[in-house]
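Participant: Sending over a structure as structure tokens; questions will come in a sec.
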Amino acid sequence: MESKNSSIQCEWIVNPDHKWLAEHWCALEEQAEPNLFLSWLWIGTWLDCFVDNCCVVLARQEDKIVGLGIIVIKEKKIAGLSYGRQFCLHRTGIPSQDQIWIEYNDFLMDKTLANTVRPLMTACVMSQMNGTDLFEIGASLDVDFVSNGPQSVAAHCGSERADKQAVLSGLALAEKRAFAEKEVVWESVGFALDFGPLKDKQQTLDSFLSRNARYQIKRSLNKYNALGEVKITTASSVTQGLELFNHAAEYHLSRWGSKSEQSGFANPGFLHFHHELIRRGLPQGRIAIHHLQAGEDDLGVIYNFHHANWVLFYLSALNYGSGDNHLKPGLVAHYLLIQDAWENGALGYDFMGGIARYKKTFANRECRLAISQFRYPHFTYSVKKAIRALKRRALKRRVLSESSSDCP
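Heads up: the sequence shown at position 9 corresponds to 449 in our numbering, and the numbers run straight through without jumps.
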């Protein structure tokens with residue numbers, strides 16, 4: 441008897457035709473778990489803005505495509521010398537380009553086969569790697585990209601979809617996976633407010649929030665209302681959306697810094713990507729840019745995504761210049777936008793990754809997000825591991841030494 445995935449084949453395709461990729465991506469998107477960052481809106485914009493050369497890993501079950509992933513390969517260098525390649529899933533490996541920050545990153549897969557297909561696609565990518573090469577995935581949920589269990593898959597790895605089919609047996613790939621090493625290079629927590637549990641308990645947003653949160657929001661709203669009516673203007677055209685996005689720059693740069701690695705508004709690539717994303721997504725109702733005001737006073741801008749009846753908070757640029765610590769523009773802005781999403785029948789409000797007090801205030805759901813690197817054992821990495829272990833031990837000894845010297 442054949443195993444469940446015996447008919448799944450993975451192929452490695454170099455620089456596929458863009459129209460072919462768009463057509464099959466959009467078709468598979470209908471069968472996948474909803475994910476804004478794996479939608480063609482995001483992926484197609486990313487490809488057009490940043491990617492000239494890429495590879496695609498494709499999974500088939502018989503004649504049906506059940507998995508797709510786009511890999512950009514970047515040469516790693518130190519002092520101009522190459523020390524391997526970095527295979528990146530839906531990223532380029534260039535910090536200025538990856539500053540757009542994809543979340544919930546994964547292969548695009550038929551949701552009924554995802555747990556089976558995901559490790560097979562990872563294995564196909566890693567079959568292209570040698571020596572000090574690594575495969576970087578993230579920011580992603582805590583799911584299994586590598587499975588060491590016995591699986592059967594044929595991987596056709598060639599420069600064209602139907603060419604040079606150098607078949608690797610399922611056993612060979614399983615053996616290679618068994619030696620794969622994983623290292624988490626970044627991690628955080630994601631927060632969301634799922635409206636379902638609240639509605640099941642017949643709670644309102646106010647009854648869900650803590651007494652302290654309600655007090656802070658009410659106090660801040662009263663102070664803002666003293667300046668004038670608090671109102672939200674949502675961009676209704678691409679022109680207005682771009683104007684509000686550009687208006688956000690001053691506040692964002694002021695809060696996070698004017699260097700390109702600090703605020704994305706100082707990064708031309710970040711700006712180009714989002715200008716294009718707004719042009720494509722706002723007319724579809726998938727981009728929502730909100731301007732918040734109290735009378736003539738400016739509270740700032742909130743930039744959200746709408747996908748699968750969820751609101752996803754992407755970016756805020758708020759006016760903290762009042763000098764009054766009792767004014768909470770972020771808390772008030774999200775409170776009002778969550779209320780609006782609730783009243784308009786949304787399923788929830790996703791704050792996504794990043795730890796912040798206001799996210800904990802509203803959230804009833806958390807998840808782990810991480811950027812992980814997968815590689816095969818190599819002497820270079822063994823040396824790096826040993827050096828890191830020595831540094832940790834030295835730091836621990838220093839802390840203990842300083843603690844003992846403080847004793848009377």
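Note that beta-carbon positions come from the ideal geometry of N, C-alpha and C, so glycine has one too.
On a predicted model such as this, the values are computed, not experimentally measured, just so you know.
Measuring CB to CB, does tyrosine 664 end up less than 8 Å from alanine 757?
Facilitator: Contact: no.
Participant: Between which residues of its own chain and tryptophan 482 is the CB-CB distance below 8 Å, once the five residues before and five after are set aside?
Facilitator: Only Leu476, Ile542 and Leu717 meet the Cβ criterion.
Participant: If you run the structure through DSSP and keep just helix, strand and coil, what is histidine 818?
Facilitator: Here histidine 818 sits in coil by DSSP.
Participant: Distance check for glycine 484 and proline 456, CA to CA, integer angstroms please.
Facilitator: Each residue's Cα considered, the two are about 13 Å apart.
Participant: State whether the segment 511-522 contacts the segment 800-809, with contact taken as three or more CB pairs (one from each stretch) at a distance under 8 Å.
Facilitator: Taking 8 Å as the limit for Cβ pairs, the verdict is that the segment 800-809 does not touch the segment 511-522.
Participant: Helix, strand or coil for histidine 530? Go by DSSP, reduced to three states.
Facilitator: Looking at histidine 530 - three-state DSSP - the assignment turns out to be coil, as it is neither helix nor strand.
Participant: Can you tell me where the alpha helix (DSSP H) holding lysine 639 begins and where it ends?
Facilitator: Note, lysine 639: alpha helix (DSSP H), 635-640.
Participant: Mind checking who leucine 521 pairs with in its DSSP beta bridge?
Facilitator: Per DSSP, Ile518.
Participant: Any idea if phenylalanine 710 is buried or exposed, counting beta-carbon neighbours within 10 angstroms, 16 or more meaning buried?
Facilitator: Buried, since its Cβ has 16 or more Cβ neighbours within 10 Å.
Participant: With 16 as the cutoff for other CB atoms within 10 Å, does proline 559 come out buried or exposed?
Facilitator: By the neighbour-count rule (16 or more Cβ atoms within 10 Å), proline 559 is buried.
Participant: Hey, histidine 731 and leucine 684 are a contact pair by Cβ (cut 8 Å); roughly how many whole angstroms apart?
Facilitator: Between leucine 684 and histidine 731 the Cβ distance is about 5 Å, and since that is below 8 Å, they are a contact.
Participant: Is aspartate 582 buried or exposed, if buried means 16 or more other CB atoms sit within 10 Å of its CB?
Facilitator: Aspartate 582 is exposed by the Cβ-count criterion.
Participant: Specify the secondary structure class of glutamate 736 as computed by DSSP and reduced to three states.
Facilitator: Residue state, collapsed to three classes: coil.
Participant: Where do the ends of the beta strand (DSSP E) carrying valine 497 lie?
Facilitator: Residues 495-501.
Participant: Compute the distance between the beta-carbons of valine 625 and arginine 808, then report whether it is under 8 Å.
Facilitator: Against a cut-off of 8 Å, the Cβ pair of arginine 808 and valine 625 comes out as no contact.
Participant: I'd like to check one pair, serine 587 with asparagine 545: are the Cβ atoms closer than 8 Å?
Facilitator: No, these two residues do not count as a Cβ contact at 8 Å.
Participant: When you compare only the Cα positions, how much space is there between serine 650 and alanine 810?
Facilitator: Rounded to the nearest angstrom, the two C-alpha atoms are 29 Å apart.
Participant: Out of curiosity, what's the CA-to-CA distance linking asparagine 759 and proline 817?
Facilitator: Rounded to the nearest angstrom, the two C-alpha atoms are 49 Å apart.
Participant: If you reduce the DSSP assignment to three classes, tell me which class glutamine 449 lands in.
Facilitator: Strand, per DSSP.
Participant: Of all the options Leu478, Gln537, Trp452 and Ser700, which has the alpha carbon lying nearest to the alpha carbon of aspartate 492?
Facilitator: Considering only alpha carbons, the answer is Gln537.
Participant: Can you check whether the C-beta of isoleucine 577 is within less than 8 Å of a C-beta belonging to chain D?
Facilitator: In the structure shown, chain D cannot be found, because there is only a single protein chain.
Participant: Can you tell me the Cα-Cα spacing of isoleucine 795 and leucine 776, whole angstroms?
Facilitator: Looking at the two C-alpha atoms, the distance is approximately 21 Å.
Participant: State the Cα-Cα distance for the pair valine 512 and leucine 529, rounded to the nearest angstrom.
Facilitator: The straight-line gap from Cα to Cα measures roughly 7 Å.
Participant: Leaving out the 5 sequence neighbours to the left and right, which residues in its chain are closer than 6 Å to valine 506 when beta-carbon positions are compared?
Facilitator: Correct list, in chain order: Ala499, Asp550, Leu553 and Val557.
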